[in-house]
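I have placed the structure first, in the form of structure tokens, so that the comments after it can refer back to it.
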Amino acid sequence: MIWKKIKLWFHMLGSPPTFYRFGQVLAPWLWGAFAISAAIGLYQALYVVPSDYQQGDSMRILYIHVPAAWQALFGYTVMTVLAIIALIWRIRMTEIMAMACAPIGAALTLLCLATGSIWGKPMWGTWWVWDARLTSMLVLLFIYIGIMGLYAAYDDKRKGARVAAILVLAGAVNIPIIHFSVDWWNTLHQPATIRLMGESAMDASMLPPLLWMVLATKFFFGAALLDRSRNELLQQDRSKRWVEQQISGVPEQA
Amino acid sequence: MIPELTHAPYVWSSYGLFAVIFAWQFLQPMIKRSRLIDELKQAAEERRAAGSVQS
Amino acid sequence: MTALIEARRLEFHRYGEPVFKPLDLVLEPRQVVVLTGPNGVGKTTLLRLLAGILSPVAGTLAIHDSMTFVGHLPAVKGDLTCRENLAYEQALGEPGMTPAEALARVGLAGLGSRPGRALSAGQKRRLGMARLLVRNTAIWLMDEPYASLDDAGCARVDELLASQLARGGSVILATHQRHPALDPDQVRNVVLEYGSEQEFQQ
Amino acid sequence: MTALIEARRLEFHRYGEPVFKPLDLVLEPRQVVVLTGPNGVGKTTLLRLLAGILSPVAGTLAIHDSMTFVGHLPAVKGDLTCRENLAYEQALGEPGMTPAEALARVGLAGLGSRPGRALSAGQKRRLGMARLLVRNTAIWLMDEPYASLDDAGCARVDELLASQLARGGSVILATHQRHPALDPDQVRNVVLEYGSEQEFQQ
Amino acid sequence: MSKPVGNAPKALFQRDMKLAFRRLGESLLPLFFLFTVIVLIPLGVGPGPTLLARMAPGMVWVAALLASLLALEHLFRPDLDDGTLEQWFVGDSGVLGRVWARLASHWLITGLPVIVFSPLAAEMLHLPHHALGTLIISLIIGTPALSLIGGLAAALTLSTRGASVLLSILVFPLIVPLVIFATGAVSMQADGLDPTAHLGLLGAFTILAMTLAPFGISAALRMNLE
Amino acid sequence: MSKPVGNAPKALFQRDMKLAFRRLGESLLPLFFLFTVIVLIPLGVGPGPTLLARMAPGMVWVAALLASLLALEHLFRPDLDDGTLEQWFVGDSGVLGRVWARLASHWLITGLPVIVFSPLAAEMLHLPHHALGTLIISLIIGTPALSLIGGLAAALTLSTRGASVLLSILVFPLIVPLVIFATGAVSMQADGLDPTAHLGLLGAFTILAMTLAPFGISAALRMNLE
Ligand code: HEM
Ligand SMILES: Nc1ncnc2c1ncn2[C@@H]1O[C@H](COP(=O)(O)OP(=O)(O)OP(=O)(O)O)[C@@H](O)[C@H]1O
Ligand SMILES: Nc1ncnc2c1ncn2[C@@H]1O[C@H](COP(=O)(O)OP(=O)(O)OP(=O)(O)O)[C@@H](O)[C@H]1O
Ligand SMILES: [Mg+2]
Ligand SMILES: [Mg+2]
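Protein chains in written order, with this note's numbering: chain A, 1 to 254; chain B, 255 to 309; chain C, 310 to 511; chain D, 512 to 713; chain E, 714 to 939; chain F, 940 to 1165.
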């Protein structure tokens, strides 16, 4: 049974010390991968791609805006999956990881909102309009914040994580709304133009840097997620023996 | 050789924000962990000093 | 005859610490279990575990029959009259006495149309007890039934306990100063102990 | 020496009926007055009259010194920690002990930073008592100080009473089962009686 | 297992209603608020019918939302304090049923009045008559979701300290999409477009809430009683 | 009489503040309403600046009103339930002082934040800049009256006696003219008219409330303790 395998794997990773060391090894690599892909992506975005004939160079914002937006949405999806596992199997690591997703996702959402409205000024002549896409994205930010707040409001962290997990599921409704908002309502915001595979309405020369940046944000998310989860783990297990051995035995970078 | 861009302030502020936010997301956990580990190390020291290593 | 409640190595944790020492508890029919122990040892916590309000952190718990729980708070609405409160309680499950009868049994005859908040401390406790009577459940869980009752009230509690035993029911109650005046071999005393060192013990 | 409280033919009415029989009460320094009587006879009502929360319907009442009232409800905020609750109480008037000392005296050492709502029933009562200690008032009004306290707790209450007498203060308390263990000629018992026929008396 | 639990929710519902009437003053607050908003806005805007008409759906919906928000803090808190909430979980008595009962009474007190008075409001705000039907339908479909989602938020924050703030932080984002659908539908109708698509989305949203929220609520309540 | 009661109100005020912020900054609550309103209205109305501008004063005041109303239920009820309210009357400790302290904290938590953020709100709603001053003044003069009248109503609703419930239902509507004056003043200013008359009425209203409400409140509170 496939589920059995998955659950088993989770439990294996679920042992705090294992996870801690796992993260300790993996995180630096992810950060490295992020640095490289981001470097390539940014270079191409700023120097290689020709400036747009009508938007001018302002369209270069796309290479920040869109990856941030997509990762913000994808990050929430990841968090949702983790939350479901946490609620069903009560695996502690998934509780912790789900909660660690929130701040990262919030940051990405913030970046999307900020770059978006910066882009909006030259394109639409205003920083902000209350159209569906923009609003629903703002809502996503609030959901992320709500999750963080709820988790923080409980002294007993496991309890807090499970309560917040319920909220995660509830908030998942918003993700499709964000994505399809441009189709459901006539918004200022442009409709989906980019097809990563197949015929894209976008000029081919503009695609590579976008792909690099999207890749970079993925690596970034993984790395940050590992880091934060490990911190939370340390925080919670501060009085456990394995932590004692960790910090006294293996010297910690940073 | 910074490229000459139209809408330069918009573009640069966006890329700047990207840099800031990502750096923040990288540094904050890092700093927090090092602080945490120092704390725990000290606590462990004290416990050893007290002679009772609790599990 | 089969047990009504079986608890094995029951535990509940707060702030990561066990509240009371792991507990084995078996409640047979026609039996009163009296929980004692210092303030804050976990009597209320245990009763809420047995009632199903809390779920055990460790150990097994099996409940084999219906129960009513009367906690420190009488769980009555101050805005409703005594009668209304009992009528609500009665509608929850298999009905027992009528509210009027129950009120008389606990010595609140004539106060049926008083709003709950207009009762004295002891009268509130009595109203809480009356909740046991309007329902027909095999297990009673009572948290300090004697608290702030006068002697007559305490005697009534003992009556109620006796009648519950007589009709084949059982009771688990927590108490401090006064203990039920019942035939000793129907009563079992259980003393709880702190699960972890408490600073105020030194 | 002069009386701290003088009440003559004191009455309070509810639903047009006198709650308890007209009452004469004089509280002298270094004296404990113990109010007893069946549930609902009016002990709490009387204490609240003396405290000034209620105003008498008939009779005269003279209060000659400062007082603290600990009722059935401990009058602490569940969201504030024990220490914060006591700090507030202390700021109300002439300060007595520090919150930390008071907590130790009532056996709550180490729970100072617990939020009030996370206390057990007995611990709440103890916190209520601690309110008496952080203030420096000549008269203590206590409503059922022994309720839901364990034996150690009850002993502490007696200690507190003794210390209050020792420093020249006085106490009026209402109680049911347990009476203060004090030198008898410092204690005066007052038994209240229903002011009107109660249906549940028949 | 001798206890028939079937009628527990009914009993709870009836008791809640009784209590609501005992506390008439507090029960009327939402309605009172609705009126204030509807009286107030035209005053601010001045009697430009077209302007008002465009605002009407938004206004009514904001009133509905805030009315239901007003009552949220009291959805479970009093029961937590007087010990009646923990009674829900005693034995194997169905908690879900009681959650439904409680939500129903909340809706009756906050949602229904808004629906009943919405024609009046629409009239005062000069909403085109052909749009009134859509407004009412959107309210009928939408307000239950307000109660469901609000209830979830209330349950999640029940025993936390920051209850009220947290509550609004949680409710706000979950509710906004709902209001977008609803007001969107009405304005479209007003502009002579076909609102069924929006109403469909609204319905989907509500059904989703109905299927998920109650479980979330009862889970959250139990977690908060620990 | 050895007890210096002078500092009791101060202590109460400080404790209330601590409670407010212990509850994760209940002070944020009104901001969320302000925000909710400011976000939702344009959604319903569509982002037409002129339209928004006309509604701005009403919106801000609705937010203030709602914040104030929502906090009302917590003004005395919790203290009644946990027995801290009756402590106000023990001995000859000044009750009026504490009533004032409680009202002050209520205003600080509900009124002040709205005032502080009203410029932001005005900006988002495109209120003409020359009207902003009047808006703020109207808030400064008016919000205390909200707390006072609301407090009276809250004190009256405490008891379940039909009479006082009725009274509270009578008291609430007093708030409506208040809000009308206030928004009226702002819109006049926005339209280039002279708002002083309205502001004057507003001030008179507030002063009246200040002189009467506290006595009414302490009387009502005592009544509820019997
Ligand atoms: C605050 C304002 C903005 C916000 C919150 C925002 C949000 C988003 C989001 C969430 C996405 C991802 C949608 C998805 O794939 O599901 C997105 C994509 C995109 N945004 Fe924005 N955006 C904003 C402003 C802008 C502006 C001003 C422009 C350009 C004029 C723009 C151009 C794009 C483009 C081209 C995409 C990719 C569309 C696709 O192919 O999926 N956005 N935006
Ligand atoms: N809601 C709560 N949150 C956190 N801790 C709690 C909570 N309720 C009780 N406690 C703590 O758990 C322990 C057990 O509490 P419990 O009420 O079960 O004691 P108890 O035996 O009933 O005491 P008492 O005899 O005073 O009623 C106490 O130390 C108390 O401080
Ligand atoms: N708030 C109230 N409103 C109306 N009647 C009340 C109120 N409080 C108490 N009573 C009634 O007044 C009488 C006296 O109440 P009181 O609380 O003084 O009795 P008590 O002697 O303290 O009883 P107990 O020993 O149970 O505490 C009782 O009959 C009670 O029903
Ligand atoms: Mg207890
Ligand atoms: Mg009493």
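Using N, Cα and C, we set each Cβ at its ideal position, and we do this for glycine too.
At least one C-beta of chain D is nearer than 7 angstroms to the C-beta of D459 (chain C). Nearest to R728 (chain E) by alpha-carbon distance, out of E:A814, E:A868, E:M936 and E:I888, is E:A814. The Cβ-Cβ distance between L597 (chain D) and V645 (chain D) falls below 7 angstroms. Note on geometry: alpha-carbon atoms of H524 (chain D) and V803 (chain E) lie some 40 angstroms from one another. The beta carbons of V899 (chain E) and L859 (chain E) sit no closer together than 7 angstroms.
Not a single heavy atom of ligand 3 lies less than 6 angstroms from the C-beta of G149 (chain A). Look at T193 (chain A): its C-beta is not under 7 angstroms from any C-beta on chain B.
The straight-line gap separating the alpha-carbon atoms of A613 (chain D) and A641 (chain D) is approximately 5 angstroms. In the three-state reduction of the DSSP assignment, S505 (chain C) falls in the coil class. Within the stretch 577-651 of chain D, complete alpha helix (DSSP H) segments of at least 4 residues are found at 593-602, 610-616 and 632-645, given in chain order. The beta carbons of E453 (chain C) and S566 (chain D) sit about 34 angstroms from each other, so the pair does not count as a contact at 8 angstroms.
Per DSSP, R520 (chain D) is not a residue of any alpha helix (DSSP H); the beta strand (DSSP E) it occupies stretches across I516 to E522. For T870 (chain E), no alpha helix (DSSP H) segment is defined, and its DSSP state is neither H nor E. Distance from the CA atom of R302 (chain B) to the CA atom of V78 (chain A), rounded to whole angstroms, is 42 angstroms. Within chain B, the residues whose beta carbon sits less than 8 angstroms from that of L234 (chain A) are R287, L290, I291 and L294, listed in sequence order. Annotation: the continuous alpha helix (DSSP H) that includes D1018 (chain F) extends over R1016 to D1020.
At a cut-off of 7 angstroms, the C-beta of N720 (chain E) has a neighbouring C-beta in chain C.
In the three-state scheme derived from DSSP, where H, G and I count as helix and E and B as strand, I683 (chain D) is classed as strand. Judged by the Cβ position, S457 (chain C) fails to qualify as a neighbour of ligand 2 at the 6 angstroms threshold, every heavy atom of the ligand being at least this far. The beta carbons of I178 (chain A) and I882 (chain E) sit about 19 angstroms from each other, so the pair does not count as a contact at 8 angstroms. The Cβ-Cβ distance between W1000 (chain F) and A1093 (chain F) does not fall below 7 angstroms.
In chain order, A316 place their CB closer than 6 angstroms to the CB of L334 (chain C), counting only its own chain and leaving out the 5 sequence neighbours on each side.
Residue side-chain check: T579 (chain D) keeps its Cβ at 6 angstroms or more from all non-hydrogen atoms of ligand 1. Between the stretch 89-106 of chain A and the stretch 131-139 of chain A, the count of Cβ pairs shorter than 8 angstroms is below three; the stretches do not touch.
In the DSSP secondary-structure assignment, G56 (chain A) is bridged to A:D52.
Counting along the chain, G810 (chain E) sits inside no beta strand (DSSP E); it lies in the alpha helix (DSSP H) bounded by residues V808 to H819. Here the alpha carbons of K635 (chain D) and V173 (chain A) stand approximately 44 angstroms from one another. Along the stretch 863-933 of chain E, the alpha helix (DSSP H) occurs as fully enclosed runs of 4 or more residues at 876-903, listed in sequence order.
Under DSSP, the beta-bridge partners assigned to I574 (chain D) are D:I516. One finds nothing in chain F with a Cβ atom closer than 7 angstroms to the Cβ of V827 (chain E); even the nearest lies about 14 angstroms away. Around R133 (chain A), no beta-carbon contact reaches into chain B at under 8 angstroms, the shortest distance being about 18 angstroms.
Here the alpha carbons of R318 (chain C) and G504 (chain C) stand approximately 12 angstroms from one another.
Sequence-ordered contacts of the stretch 563-586 of chain D with chain F read G563, I564, L565, S566, I574, H575, D576, S577, M578, T579, F580, G582, H583, L584, P585 and A586 [C-beta pairs closer than 9 angstroms].
For A273 (chain B), the closest Cβ of chain A is not nearer than 7 angstroms.
Contact of P549 (chain D) with chain C by beta-carbon distance below 7 angstroms involves D459 and A461.
Secondary-structure assignment with DSSP links V335 (chain C) through a beta bridge to C:E315.
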